[in-house]
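>
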Amino acid sequence: MGAAALSIGEQLGGVMVLLGRIVARLLPPRLDRPELVRNLHKMGVRSLPIVSVTALFVGAIMVIQAAPLVTRFNATELVGWGSGFATLREVGPLLIALMFSGRVGANNTAELGTMVVTSQIDALRALAIDPIGYLVLPRVLAMVVMLFFLTVIGDFVAIGGAMVAAKVLLEVEPRSFLNSLLLLLGQWDLMTGLIKSLLFGFMIALTSCHFGLSVKGGAPGVGRAVNASVVAAASGIFILDYFSSFLLG
């Protein structure tokens, strides 16, 4: 128990040190722009199919879960609001972030870890190239930006999936569904989910980069780092979700 607590404290300290080094590179910005563009494409465009499929079924599931309740109280006109509220504020950003963490975060940890064990990071330092500015900062910015936009796209796809499910299961017309959604949901409901996506993206970026750069023990160490990164990111996402839900209302 004590060893586990010590290990967690050590990893948290490492993440905070990395955060400080990233902030130092932002003032003033020292960023490799081609590397940023490459990561934006790799992390965002290639993640779009899986995020879209996930969001589509998330929206439909929200309607399936709400269907018995709204049918019992003869309030099918509220299904648009109910599914939209749950999807935009909570379920959509959370599940998309977990998918993003499993795909992009794990891949990022593996890439950086492989560079560590093959001495590529040391080679960059020997060439007077800062690994944080060249490798880490572009990846952090790319993850934050692309998870935000993927969440926006996922929200629209989820609403579309919910609308189709409402039509098929409850015979709710798309116009009635959208009226319920637009009249009862406020801008803050959408903004809450988007703010969460920024926090989740930063959490995934920090944990994946930290565990990637701290790999030890050769190739087996890369596997252990990937596993630890995914677990830490998922735990961090849920903790952030709790506090952000409490603070944002």
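So for the sequence shown, the working numbering puts the first residue at 256; every next one is plus one. Idealized CB from N, CA, C, for every residue including glycine. Quantities reported herein were computed from a predicted structural model and do not represent experimental measurements.
What residue range does the alpha helix (DSSP H) around Y389 cover?
Y389 -> no alpha helix (DSSP H), and no H or E assigned at all.
> Distance, Cα to Cα, V518 vs G456?
No answer is possible for residue 518: it lies beyond the span of the chain, which begins at 256 and ends at 504.
> Using the rule of at least 16 other Cβ atoms within 10 Å of the residue's Cβ for burial, across every protein chain shown, is P475 buried or exposed?
It counts as exposed.
> Can you give the beta carbon distance from G467 to L367, rounded, assuming they're within the 8 Å contact cut?
With 8 Å as the limit, G467 and L367 qualify as a contact, their Cβ atoms being about 3 Å apart.
> Using CA atoms only, rank isn't needed, just tell me which of S469, G473, F501 is closest to G269.
Checked all of S469, G473, F501; the closest Cα to G269 is S469.
> Just to confirm my understanding: we take F404, look at its own chain, exclude 5 residues before and 5 after, and list those with CB closer than 8 Å. What are they?
Within the same chain, F404 has close Cβ partners G299.
> What does the Cβ neighbour count give for K471, buried or exposed, with the cut at 16 atoms within 10 Å?
When all chains shown are included, K471 counts as exposed.
> Compute the beta-carbon to beta-carbon distance between Q409 and I450, rounded to the nearest angstrom, for a pair I have assumed lies under 8 Å.
Sequence inspection shows Gly at residue 409; the Gln mentioned does not correspond to that position. Rounded, the Cβ-Cβ distance is 15 Å, inconsistent with contact.
> By how many angstroms is the C-alpha of G441 removed from the C-alpha of I263?
Near 39 Å, if we compare the C-alpha coordinates of G441 and I263.
> To the nearest whole angstrom, what separates the beta carbons of G416 and G314, a pair I think is in contact under 8 Å?
With a Cβ gap of about 3 Å, G416 and G314 count as contacting.
> Based on Cα-Cα distance, which residue from A420, Y389, T373, I384 lies nearest to Q320?
It is A420.
> Assign M370 to buried or exposed, taking buried as 16 or more other Cβ atoms, counted over all protein chains shown, within 10 Å of its Cβ.
With 16 or more other Cβ atoms within 10 Å, it is buried.
> Measuring straight from C-alpha to C-alpha, what distance separates S484 and A383?
Distance between the alpha carbons of S484 and A383 is about 28 Å.
> Residues in its own chain within less than 8 Å of F432 by CB, not counting five upstream and five downstream?
Taken in chain order, the residues that qualify are V334, G335, A417, M418, A421, K422.
> V359: which of L311, C464, F312, A378 sits nearest, CA to CA?
Of the candidates L311, C464, F312, A378, the one whose C-alpha sits nearest the C-alpha of V359 is C464.
> How close, in whole Å, do the beta carbons of L424 and V318 come, if the pair is a contact with beta carbons under 8 Å?
Indeed they touch by this definition, with Cβ atoms about 6 Å apart.
> Using three-state DSSP, classify D283 as helix, strand or coil.
According to the sequence as given, residue 283 is Pro; it is not Asp. Looking at P283 - three-state DSSP - the assignment turns out to be coil, as it is neither helix nor strand.
> If you reduce the DSSP assignment to three classes, tell me which class E426 lands in.
Correct three-state label for E426: coil.
> Can you tell me which of the three DSSP states A330 falls into?
Correct three-state label for A330: coil.
> Which residue from V400, L324, L436 puts its Cα closest to that of F340?
Measuring from the Cα of F340, the nearest candidate turns out to be L436.
> Beta-carbon separation of P393 and E290 under 8 Å?
Yes, the Cβ-Cβ distance between P393 and E290 is below 8 Å.
> Would S374 be called buried (16 or more neighbouring beta carbons within 10 Å of its own) or exposed?
Its Cβ having fewer than 16 others within 10 Å, S374 is exposed.
> Tell me the rounded alpha-carbon separation between I387 and G448.
Near 29 Å, if we compare the C-alpha coordinates of G448 and I387.
> Is DSSP giving T462 helix, strand or coil here?
Correct three-state label for T462: helix.
> Nearest CA to the CA of D444: which residue from A487, V486, S338?
The residue with the shortest Cα to Cα distance from D444 is S338.
> Of all the CB atoms in chain B, is at least one closer than 8 Å to the CB of K297?
In the structure shown, chain B cannot be found, because there is only a single protein chain.
> Are I459 and F355 touching if we call contact CB-CB under 8 Å?
Yes, the Cβ-Cβ distance between I459 and F355 is below 8 Å.
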